[in-house]
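**Student:** Here's a structure for you.
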Amino acid sequence: MLGPMIRAEVGDTIKIVFRNNAAFPASMHPHGVFYEKSSEGALYKDGTEGKDKEDDGVPTGGTYTYTWEVPKRAGPSAASGLSSAFWMYHSHVNERRDVNSELMGAMIITAWGMAREDLSPKDVDREFVVGFMTVLETQSWYIDENVQTYLTEPDKARPNYLPGGTYQFFTPIGPDFVVRDTMNGLLFGNMPTMTMKMGERVRWYVMAGTNFDLHAPHWHGNTVTTAGMNTDVLEIITIGMQIADMDADNPGLWIFHCHVAGHMEQGMLAMYEVLP
Ligand SMILES: [Cu+2]
Numbered sequence: 029m030l031g032p033m034i035r036a037e038v039g040d041t042i043k044i045v046f047r048n049n050a051a052f053p054a055s056m057h058p059h060g061v062f063y064e065k066s067s068e069g070a071l072y073k074d075g076t077e078g079k080d081k082e083d084d085g086v087p088t089g090g091t092y093t094y095t096w097e098v099p100k101r102a103g104p105s106a107a108s109g110l111s112s113a114f115w116m117y118h119s120h121v122n123e124r125r126d127v128n129s130e131l132m133g134a135m136i137i138t139a140w141g142m143a144r145e146d147l148s149p150k151d152v153d154r155e156f157v158v159g160f161m162t163v164l165e166t167q168s169w170y171i172d173e174n175v176q177t178y179l180t181e182p183d184k185a186r187p188n189y190l191p192g193g194t195y196q197f198f199t200p201i202g203p204d205f206v207v208r209d210t211m212n213g214l215l216f217g218n219m220p221t222m223t224m225k226m227g228e229r230v231r232w233y234v235m236a237g238t239n240f241d242l243h244a245p246h247w248h249g250n251t252v253t254t255a256g257m258n259t260d261v262l263e264i265i266t267i268g269m270q271i272a273d274m275d276a277d278n279p280g281l282w283i284f285h286c287h288v289a290g291h292m293e294q295g296m297l298a299m300y301e302v303l304p
């Protein structure tokens, strides 16, 4: 989980050449940047037609170019004092199924004049993007394939379709295909350890998925500054996007986890390491 990182600086124009290799229609719907109707990447009755509809859902094998401008309001606000802003993008054709098929990613925009050559913010040494994503595997476009591939007794799976082609939340299929409380799609510390050195200026970008995502990302061992406040726990809800800066002063291998007890027990945890 998490698609390719998109980076830009205020004043840029982002062009995405999107080719749909999936077996279902998909799109690129961005947050924060400036787009016209032809680059919104979302399917709904908005009174548009023709060219302005082509971005709504790119068919299998199709290609579409999305154009997003990056005005000042897509960058960090002056009040935040930050050099970068954090947004996301995701497919928005059948939003529920698309995102549960992992079609979601991050976008980082630096203030004008604050980007390095690789478009990362100049005043930050290290960045991490972590999505606290509750995934409903039964809503994924890949559920049938997954049932056939991974269940030892696929014939016993009894998916319950709802109008519109979505699956109802159900249990007969067993605990292997229900809800996953993940960080970037990974569970139980399977994410590669996020490593930094003491004294580095570290920026965490923390986002949430589009399901019933209510999370309490918590760092052990160090604190962060977010919205002007020092803390070690964020509060994030569905599709939230937050930035937290860490001046890591405490070396060691530490856990970073969701503090919602049920989520933690389901594996919503990862490790980060501060090297001396
Ligand atoms: Cu959680």
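So for the sequence shown, the working numbering puts the first residue at 29; every next one is plus one.
Positions of the beta carbon are idealized from the N, C-alpha and C atoms, including for glycine.
Note that the structure is predicted; figures quoted are calculated from it, not measured.
Classify Tyr-92 as helix, strand or coil using the three-state DSSP reduction.
**Tutor:** Residue state, collapsed to three classes: strand.
**Student:** Determine the closest residue to Ala-289 out of His-246, Ala-276, Pro-304, Pro-279, with distance taken between C-alpha atoms.
**Tutor:** His-246
**Student:** Do Met-29 and ligand 1 come close, with the Cβ less than 7 Å from some heavy atom?
**Tutor:** Outside the cutoff, so no.
**Student:** Between Phe-160 and ligand 2, is there a pair consisting of the residue's CB and a ligand heavy atom that are separated by less than 7 Å?
**Tutor:** No copy of ligand 2 appears in this structure; the ligands present are ligand 1.
**Student:** With a threshold of 6 Å on Cβ separation, who are the neighbours of Pro-209 within its own chain once the five nearest residues in sequence on each side are excluded?
**Tutor:** Just to set this straight, residue 209 is Asp in the shown sequence, not Pro. Result list for Asp-209: Thr-162, His-291, Gln-294, Met-296, in chain order.
**Student:** Start and end of the alpha helix (DSSP H) containing Ala-106?
**Tutor:** Here Ala-106 belongs to no alpha helix (DSSP H), and DSSP marks it neither H nor E.
**Student:** Could you check where the alpha helix (DSSP H) with Gly-290 kicks off and where it finishes?
**Tutor:** 289–293
**Student:** May I ask you to verify whether the stretch 53–65 touches the stretch 97–107, counting CB pairs closer than 8 Å and requiring at least 3?
**Tutor:** Touching, per the Cβ criterion.
**Student:** Thinking Ser-105 and Ile-137 are a contact (beta carbons under 8 Å), I'd like their distance in whole angstroms, please.
**Tutor:** Actually they do not touch by this definition, with Cβ atoms about 12 Å apart.
**Student:** Is the beta carbon of Ser-119 sitting closer than 8 Å to the one on Tyr-170?
**Tutor:** no
**Student:** Spell out whether any CB of chain B is found under 8 Å from the CB atom of Asp-172.
**Tutor:** Among the chains of the structure shown, chain B does not appear; only one protein chain is present.
**Student:** From the DSSP output, in three-state form, read off Leu-297 for me.
**Tutor:** The answer is strand: DSSP assigns Leu-297 an E or B state.
**Student:** Quick one: using the 10 Å Cβ neighbour count with 16 as the cut-off for buried, is Gly-103 buried or exposed?
**Tutor:** So Gly-103 counts as buried.
**Student:** Taking DSSP as the reference, what is the three-state secondary structure of Tyr-63?
**Tutor:** coil
**Student:** Closest to Glu-165 by CA distance: which of Met-226, Val-261, Asp-126 is it?
**Tutor:** Asp-126
**Student:** Tell me the DSSP secondary structure of Arg-124 in three-state form.
**Tutor:** Reduced to three states, the DSSP call for Arg-124 is helix.
**Student:** Kindly identify the DSSP beta-bridge partner or partners of Phe-284.
**Tutor:** Trp-247, Ala-298
**Student:** May I have the straight-line CA-CA distance separating Met-142 from Pro-279, to the nearest angstrom?
**Tutor:** 29 Å
**Student:** Within 7 Å: the Cβ of His-246 and any heavy atom of ligand 1?
**Tutor:** no
**Student:** Please determine whether the Cβ atom of Met-219 lies at a distance below 7 Å from any heavy atom of ligand 1.
**Tutor:** The answer is no for Met-219.
**Student:** Compare the Cα-Cα distances from Trp-232 to each of Trp-115, Met-29, Asp-146, Pro-87 and report the closest residue.
**Tutor:** In terms of Cα proximity to Trp-232, the closest of Trp-115, Met-29, Asp-146, Pro-87 is Trp-115.
**Student:** According to DSSP, is Ile-267 part of a helix, a strand, or is it coil?
**Tutor:** coil
**Student:** Are the stretch 62–82 and the stretch 32–40 in contact at 8 Å, needing three or more beta carbon pairs?
**Tutor:** no
**Student:** Tell me whether Tyr-117 sits in a helix, a strand or coil according to DSSP, three-state version.
**Tutor:** strand
**Student:** Quick check: the Cα distance between Pro-182 and Asn-239, rounded to an integer number of angstroms?
**Tutor:** 26 Å
**Student:** Is Glu-130 helix, strand or coil by DSSP?
**Tutor:** coil
**Student:** Mind checking whether Phe-46 and Tyr-92 have CB atoms under 8 Å apart?
**Tutor:** The answer is yes: Cβ separation under 8 Å.
**Student:** Tell me, which residues are paired with Lys-225 by DSSP?
**Tutor:** Paired residue(s): Leu-303.
**Student:** Run through DSSP, which three-state label would Tyr-72 get?
**Tutor:** coil
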